[in-house]
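Residues in the sequence shown are numbered from 276 upward in steps of one, following this note's numbering.
Glycine included, each C-beta is placed from N, C-alpha and C at the ideal position.
Remember, it's a predicted structure, so these values are computed and weren't measured experimentally.
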Amino acid sequence: MAVFLSFKPQATANVSRTLRANGKEVPIYKGAAHPIIKKRKPVDETSLFGHDGLSDRPQDFPESSPHDKTNFVSNKHAAQALIDLCSNDDQITLVCLGPLTNVALALKLEPEFAKMPKNMVIMGGNYYAIGNVDSNLTAEFNFFGDPEAAHVVLAEMECPITVVPWEAFFVEGKKHEAEVDFNAHLKLGTPLAGYFATVTSIGRDILGRNGRQFAYCDEIAVATAMDPENTVAKSQKLRVSVELNGTMTRGQVAKKRKTVFIKSTLHVAWLNSSLLTTFNTSTT
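Structure representation (structure tokens):
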């Protein structure tokens, strides 16, 4: 239906290029340029994703275009677009794959937004206090990107919320490596498979040198939104909040407040099979 972006200007270009790789046209809305409270320098992601976020290979299919950077709806902020879309359709599922700034802003612009989405699936947070941010080892990247926004969303949204935490992404262990090849969908020879092989090349190379595969993150949240019964193997219903003040724990999830579902285990083989089907039928 639409893509809503926050923070980095390069994100617009990357989403536009990815949509072209998949032969899709979807409205893109730009949102917040910074977290609600800007307390730190942005986390450096270049070591895993390159300077452009797509492994620094702009000449590969589909070649980067100057149009990609301006390919967004210029007359409406992402927060307002969220309100407008959800107020006209009560069957919308919000799938959140980054910091929650735009959703929090939508709540502050229109308190009734809390009831508008049918449900939400959030990729972010953690419950074992083992994170993936160098400057704060107990927090997950997306929640640490805007802890205040995550706190607001979990406390104030009234629709059902499913959180896919960082722990769900640890799926490339010995057991699952025996079940699936996490890179199989990148070897199919289709244009879409080739594109994703290109844009994940830096991260796959680094993890490969450490004996790990480039396993699933965003894919789990999207699959959970599309087909939770086949994706999720185990979940917990918890009351959670987000720590805002701890020197060592800012952005960490705490069991408190709003009730959400935490999806902690998934059916890896099924998800891998679904990705293979999707990438193999790419005709772009």
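What residue range is occupied by the uninterrupted beta strand (DSSP E) comprising residue i?
i: PHE445; result: It is not in any beta strand (DSSP E) - PHE445 carries neither H nor E in the DSSP assignment.
i: CYS371; result: 368 to 371
Given this structure, state the Cα-to-Cα distance separating residue i from residue j, to the nearest angstrom.
i: PRO560; j: SER291; result: Because the chain here runs from 276 to 559, residue 560 falls outside it and cannot be looked at.
i: LEU550; j: PRO435; result: 26 Å
i: GLY406; j: PHE416; result: 7 Å
i: TYR304; j: LYS351; result: 7 Å
i: MET395; j: THR368; result: 6 Å
i: HIS342; j: MET432; result: 35 Å
i: PHE419; j: ILE312; result: 11 Å
i: THR559; j: LEU329; result: In this prediction, THR559 scores a pLDDT of 49, lower than 50, which makes its location untrustworthy; no coordinate-derived value is stated.
i: LEU323; j: ILE477; result: 6 Å
i: LYS509; j: ALA389; result: 27 Å
i: LEU280; j: VAL455; result: 32 Å
Which partner residues does residue i have in the DSSP bridge list?
i: ASN394; result: THR368
i: LEU541; result: VAL507
i: LEU280; result: LYS305
When the distance is taken between beta carbons, is residue j closer than 9 Å to residue i?
i: GLY306; j: ALA353; result: yes
i: VAL507; j: HIS542; result: yes
i: ALA468; j: ASN547; result: no
i: ALA381; j: ILE358; result: yes
i: ALA443; j: GLY526; result: no
How would you write the range of the alpha helix (DSSP H) that residue i sits in, first residue to last?
i: LEU467; result: 466 to 474
i: ALA356; result: 353 to 362
i: ALA286; result: 285 to 296
i: THR376; result: 376 to 384
From the DSSP output, in three-state form, read off residue i for me.
i: ILE436; result: strand
i: ALA490; result: coil
i: VAL528; result: strand
i: PRO337; result: coil
i: PRO422; result: helix
i: THR559; result: With a pLDDT of 49 at THR559, under the threshold of 50, the predicted position of this residue should be treated as unreliable, though the coordinate-derived value follows. Note: THR559 maps to coil in three-state DSSP.
i: ARG332; result: coil
i: ALA404; result: coil
Can you tell me whether residue i sits near the ligand ADP, meaning its C-beta is under 8 Å from at least one heavy atom of the ligand?
i: ALA354; result: Within the structure as shown, the ligand ADP is missing, as the structure has no ligands at all.
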